[in-house]
Amino acid sequence: MLRARKSLPGVDPKLLIKDAAKLLPQSSRRLFLRGAASLGALSMLTGCDIIDGPTSENVLRVISTFNDRVQALLFSDTTLAPEYPESAITRPFPFNAYYSVDEAPDIDGDKYQLEIGGLVDNKKSWTLPELNALPEVSQITRHVCVEGWSAIGSWQGVRLSDFLKMIGADLSAKYVWFQCAEGYSNTIDMPTALHPQTQLTLKFDNKTLPTAYGFPIKIRIPTKLGFKNPKYVTAMYVQNNDAGGYWENQGYNWFSGL
Amino acid sequence: MTIEAATNPPMLPDALSGPLIHPRWVRVTHWINVLAMFMMIGSGWQIYDASPLFGFIYFPSQIALGEWLAGALLWHFAAMWLLAINGIVYVTLGIVTGRFRRKLLPIRRRDVIHDFFAALRGKLSHDDLTVYNAVQRLLYLGVILAGIVIVLSGVSIWKPVQFKYLTALFGGYDAARYVHFFAMSSIVAFLTIHVVLALIVPKSLRAMIVGR
Numbered sequence: 002m003l004r005a006r007k008s009l010p011g012v013d014p015k016l017l018i019k020d021a022a023k024l025l026p027q028s029s030r031r032l033f034l035r036g037a038a039s040l041g042a043l044s045m046l047t048g049c050d051i052i053d054g055p056t057s058e059n060v061l062r063v064i065s066t067f068n069d070r071v072q073a074l075l076f077s078d079t080t081l082a083p084e085y086p087e088s089a090i091t092r093p094f095p096f097n098a099y100y101s102v103d104e105a106p107d108i109d110g111d112k113y114q115l116e117i118g119g120l121v122d123n124k125k126s127w128t129l130p131e132l133n134a135l136p137e138v139s140q141i142t143r144h145v146c147v148e149g150w151s152a153i154g155s156w157q158g159v160r161l162s163d164f165l166k167m168i169g170a171d172l173s174a175k176y177v178w179f180q181c182a183e184g185y186s187n188t189i190d191m192p193t194a195l196h197p198q199t200q201l202t203l204k205f206d207n208k209t210l211p212t213a214y215g216f217p218i219k220i221r222i223p224t225k226l227g228f229k230n231p232k233y234v235t236a237m238y239v240q241n242n243d244a245g246g247y248w249e250n251q252g253y254n255w256f257s258g259l
Numbered sequence: 083m084t085i086e087a088a089t090n091p092p093m094l095p096d097a098l099s100g101p102l103i104h105p106r107w108v109r110v111t112h113w114i115n116v117l118a119m120f121m122m123i124g125s126g127w128q129i130y131d132a133s134p135l136f137g138f139i140y141f142p143s144q145i146a147l148g149e150w151l152a153g154a155l156l157w158h159f160a161a162m163w164l165l166a167i168n169g170i171v172y173v174t175l176g177i178v179t180g181r182f183r184r185k186l187l188p189i190r191r192r193d194v195i196h197d198f199f200a201a202l203r204g205k206l207s208h209d210d211l212t213v214y215n216a217v218q219r220l221l222y223l224g225v226i227l228a229g230i231v232i233v234l235s236g237v238s239i240w241k242p243v244q245f246k247y248l249t250a251l252f253g254g255y256d257a258a259r260y261v262h263f264f265a266m267s268s269i270v271a272f273l274t275i276h277v278v279l280a281l282i283v284p285k286s287l288r289a290m291i292v293g294r
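So the sequence lines, in the order shown, correspond to chains R and D.
Going by my numbering, the first sequence opens with residue 2, and the numbers climb by one from there.
Going by my numbering, the second sequence opens with residue 83, and the numbers climb by one from there.
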């Protein structure tokens, strides 16, 4: 992971996060629910006294956690995301992040290694040639952004469940955590990690992932919103504690299933 | 309902001794719905702004709810429970008690045209609030259907994988977003007329509060 970080010329992850913070509403995020009237309904539901912003924010977060559980129940490991013909692919497929495309991490593929950690038998790191030698699966699925737009893309790589089994991951663990080169991160639930369409992606449209789409590794999860599909992945940990994620920690729903 | 058949206590003032127009369940679900719709529409507008469907339509933050996308999504996915549960209770009771059939049906095209032009000439009587005219019937039935469409299209946007057949029914994920938007638009149009008319005929507003 450190090696990959060193190979980011001119990109300071901390600065990137500072830039992203500018995208958030003025003043402080704690006030993001300010001005919200009519809390009566919520107080009826919960029996709490809701007067000020922070309290209503807490109530909304409790309901969001409840929604995580509902979504985990709705999630089916046999329900597949619809797949599309090649003609349906959105061209050009949009680049999307909290920074511009020229600020995207530029990783040296020759030096790159995917770091493996946590509840895994074989913690050996993986080079790109080693990953590319594994059996390849392909999907043409719809990427749905939390903002509302969607785009259809074509992704190829290793089925994540196969990879987790191969490295001897504890499949009864609760979470898989991904660390990315620019400081981004994601935690996903194990059932989603084991879904047949969840992919450790190495290619877009049958060509090596371009920098814009997450070179060298993206985790493609067609059953989750786009921000739960990390790019520039440098490390993967199997664990029982929820390490959160970049957007999840700022108030976006944790499960964010489709 | 049995309450409607009950004789009025002679001591009550005139305003409160008339026939029961709206039973309690209608009034309670109505005002819960006002609250739920206020939260759903306000937060929905803020969510819309993150990826507008039409370049010329944008909702200023001052009239929206949630301040930014994440906040609005928290509101939307919290208030959806209130809207859906209250809506299910209302529609179920409306069907089971026979109120929908009694109050909203039949709707004849001839009556709608007649009552519509009568309303434009200001000659539509609201003397008897227990009976809806044909235009009211059409609009009330229409907004109930729009409510069902907005919930189902919303579910198909929220869960286009787990409920992919529902999403397909709306023509796919992107089409479902337009359906959701137009259902909101028709509900807001209804609300505008509904609120204006309730203010023009204040006793109809009183009836939705005290029942008579």
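Cβ atoms here follow ideal geometry from the backbone N, Cα and C, with glycine treated the same way.
Quick one: list the residues of chain D neighbouring residue i, beta-carbon separation under 8 Å, in chain order.
| i | result |
| --- | --- |
| Glu87(R) | By Cβ distance, chain D contributes nothing, its closest Cβ being about 17 Å from Glu87(R), past 8 Å. |
Where does residue i land, buried or exposed, given buried means 16+ other C-beta within 10 angstroms?
| i | result |
| --- | --- |
| Ala37(R) | Note on Ala37(R): pLDDT 41, under 50, position unreliable in the model; the coordinate value appears next. The residue in question, Ala37(R), is buried, as its Cβ has 16 or more Cβ neighbours within 10 Å. |
| Phe138(D) | exposed |
| Trp248(R) | buried |
| Leu281(D) | exposed |
| Val213(D) | exposed |
| Val217(D) | buried |
| Asn241(R) | exposed |
| Phe346(D) | Summary: the structure shown does not reach residue 346(D), with chain D confined to residues 83 through 294, and so no result is reported for it. |
| Ile195(D) | exposed |
| Glu87(R) | exposed |
| Leu202(D) | exposed |
| Ser162(R) | buried |
| Ser57(R) | buried |
| Phe216(R) | buried |
| Phe199(D) | exposed |
| Arg160(R) | buried |
| Leu74(R) | exposed |
| Val147(R) | buried |
| Asp109(R) | exposed |
| Ile52(R) | The pLDDT assigned to Ile52(R) is 43, lower than 50, so where the model puts this residue is not dependable; a value taken from the coordinates is nonetheless given after this. Per the 10 Å Cβ criterion, exposed. |
Does the beta-carbon distance from residue i to residue j come in below 7 Å?
| i | j | result |
| --- | --- | --- |
| Val234(R) | Cys181(R) | yes |
| Ala154(D) | Ile129(D) | yes |
| Ala257(D) | Ile239(D) | no |
| Ile220(R) | Phe179(R) | yes |
| Leu43(D) | Leu248(D) | Here chain D comprises residues numbered 83 to 294, so residue 43(D) is not present and cannot be evaluated. |
| Pro223(R) | Asp78(R) | no |
| Thr212(R) | Ala134(R) | no |
| Leu147(D) | Ser133(D) | no |
| Tyr113(R) | Leu132(R) | no |
| Gly169(D) | Arg294(D) | no |
| Lys229(R) | Asn187(R) | yes |
| Ile189(D) | Ala228(D) | no |
| Ala209(R) | Trp156(R) | A quick correction: the sequence has Thr, not Ala, at residue 209(R). Not closer than 7 Å, so no. |
Starting from residue i, find everything on chain R with Cβ-Cβ shorter than 8 Å and list it in chain order.
| i | result |
| --- | --- |
| His159(D) | Reading off the sequence shown, one finds Phe at residue 159(D), where the question assumed His. The contacting residues are Ile64, Ser65, Asn68 and Asn254. |
| Ser133(D) | Cys146, Glu148, Gly149 and Trp150 |
| Ile129(D) | Gly149 |
| Gly169(D) | Going along chain R, no residue has its Cβ under 8 Å from Gly169(D), so there is no contact; the nearest lies around 13 Å. |
| Ala152(D) | Phe33, Trp248, Gln251, Gly252 and Tyr253 |
Relative to the alpha-carbon of residue i, which residue among the options has its alpha-carbon at the smallest distance?
| i | options | result |
| --- | --- | --- |
| His208(D) | Lys285(D), Ile232(D), Trp157(D) and His262(D) | Lys285(D) |
| Tyr176(R) | Gln140(R), Gly119(R) and Leu129(R) | Gly119(R) |
| Gln244(D) | Trp127(R), Asn97(R) and Val71(R) | Val71(R) |
| Val261(D) | Leu273(D), Lys246(D), Gly236(D) and Thr274(D) | Gly236(D) |
| Ser139(R) | Thr199(R), Ser151(R), Ala152(R) and Ser173(R) | Thr199(R) |
| Phe76(R) | Val277(D), Pro242(D) and Met290(D) | Pro242(D) |
| Asn207(R) | Arg160(R), Asp163(R), Glu137(R) and Ser162(R) | Glu137(R) |
| Val283(D) | Phe199(D), Leu206(D), Arg183(D) and Phe198(D) | Leu206(D) |
| Leu195(R) | Glu183(R), Lys166(R) and Tyr214(R) | Lys166(R) |
| Pro61(R) | Ile123(D), Pro188(D), Trp163(D) and Gly100(D) | For the record, residue 61(R) in the displayed sequence is Leu; it is not Pro. That would be Trp163(D), whose Cα lies nearest to the Cα of Leu61(R). |
| Thr91(R) | Gln251(R), Phe205(R), Asp243(R) and Pro231(R) | Phe205(R) |
| Leu226(R) | Ala244(R), Val121(R), Asn97(R) and Ala89(R) | Asn97(R) |
| Trp107(D) | Gln144(D), Phe120(D), Leu117(D) and Val173(D) | Val173(D) |
| Ala236(R) | Thr66(R), Tyr100(R), Ser126(R) and Gly252(R) | Ser126(R) |
| Leu151(D) | Gly258(R), Glu84(R) and Tyr253(R) | Tyr253(R) |
Which bits of chain R does residue i rub up against, with CB to CB less than 9 Å?
| i | result |
| --- | --- |
| Leu297(D) | The shown model of chain D, from 83 to 294, leaves out residue 297(D), and the question about it has no answer. |
Which bits of chain D does residue i rub up against, with CB to CB less than 7 Å?
| i | result |
| --- | --- |
| Leu120(R) | Within 7 Å Cβ-Cβ: nothing; Leu120(R) doesn't reach chain D, min ~28 Å. |
| Leu61(R) | Leu156, Trp157 and Ala160 |
Using a C-beta to C-beta distance shorter than 7 Å, which residues of chain R count as neighbours of residue i?
| i | result |
| --- | --- |
| Lys241(D) | Leu75 and Leu259 |
Check your understanding: Can you list, in chain order, the residues of the region 137-162 of chain R whose Cβ is nearer than 8 Å to any Cβ on chain D?
Key -> Contacts with chain D (Cβ-Cβ distance below 8 Å) from the region 137-162 of chain R involve Arg143, Val145, Cys146, Val147, Glu148, Gly149, Trp150 and Ser151, listed in chain order.
Check your understanding: Which residues, in order along the region 66-79 of chain R, keep a beta-carbon less than 9 Å from a beta-carbon of chain D?
Key -> Cβ contacts with chain D: Phe67, Asn68, Gln72, Leu75, Phe76 and Ser77.
**Study point:** Contact list for the region 243-275 of chain D against chain R, Cβ threshold 7 Å
**Key:** Answer in chain order: Val243, Gln244, Lys246, Tyr255, Asp256 and Arg259.
**Study point:** Selection of the region 82-114 of chain R by Cβ proximity to chain D, strictly under 8 Å
**Key:** Flagged, chain order: Ala82 and Pro83.
Exercise for review: Using a Cβ-Cβ cut-off of less than 7 Å, list which residues of the region 193-205 of chain R approach chain D; keep chain order.
Suggested key: Nothing from the region 193-205 of chain R brings a Cβ to less than 7 Å from some Cβ of chain D.
Practice item. Compile a chain-ordered list of the residues in the region 199-224 of chain D whose CB is closer than 9 Å to at least one CB of chain R. Key: Answer in chain order: no residues at all.
Practice item. Pull out every residue of the region 222-255 of chain R whose Cβ sits closer than 8 Å to any Cβ of chain D, in chain order. Key: Legend: CB atoms of the region 222-255 of chain R lying less than 8 Å from CB atoms of chain D belong to residues Pro223, Thr224, Trp248, Gln251, Gly252, Tyr253 and Asn254.
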